[in-house]
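Okay, so the sequence shown: first residue is 1 according to the UniProt record's numbering, each after it adds one.
By construction, the Cβ of each residue, glycine as well, lies at the ideal position given by its N, Cα and C atoms.
Reading through the structure tokens given below for one structure.
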Amino acid sequence: MRITFERTGGFAGISKKTSVDTDTLPPHEAAKLPRLVEVADLFRLPELITSPNPQSDRFQYKLTVEDNGKQHTVTVSEAALPGTLRPLIEWLQTIAQKR
1 MRITFERTGG FAGISKKTSV DTDTLPPHEA AKLPRLVEVA DLFRLPELIT SPNPQSDRFQ
61 YKLTVEDNGK QHTVTVSEAA LPGTLRPLIE WLQTIAQKR
């Protein structure tokens, strides 16, 4: 499984982008990623999730997941972030900060 993660926006407008591949992660992290994707039900989420009340200086997240020949991209605003997706976003941000 491979995920490309990009965070844009925010007060300073600084982007963060990283790619994570289970083949290159330590075993405990490689096992966690598919579980987070499953809990988020990522492959069933719409491609674009926006808030009915857009707010300036909020982050926007773009995730592209590739797994077993399937690929799906989701772009979501921080204000509209589904609770099921939050653990995956937080995990990816932690990984991005380590790089």
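A distance of 8 Å or more separates the beta carbons of I14 and V65.
The shortest CA-to-CA distance from R58 to any of P27, P46 and A80 is the one to A80.
Around V39, the same chain offers T84, P87 and L88 as residues with beta carbons nearer than 8 Å, after the five sequence neighbours per side are excluded. Per DSSP, I3 lies in no alpha helix (DSSP H) segment; the continuous beta strand (DSSP E) that holds it begins and ends at R2 to G9. If the five residues before and after F5 are omitted, its C-beta is found closer than 6 Å to the C-beta atoms of T18, L63 and L92, all from its own chain and listed in chain order. Residue pairing for K16: DSSP places it in a beta bridge opposite R7. For T75, the enclosing beta strand (DSSP E) stretches over residues K70 to S77. Under DSSP, T64 takes part in a beta bridge, and its partners are T4 and T73.
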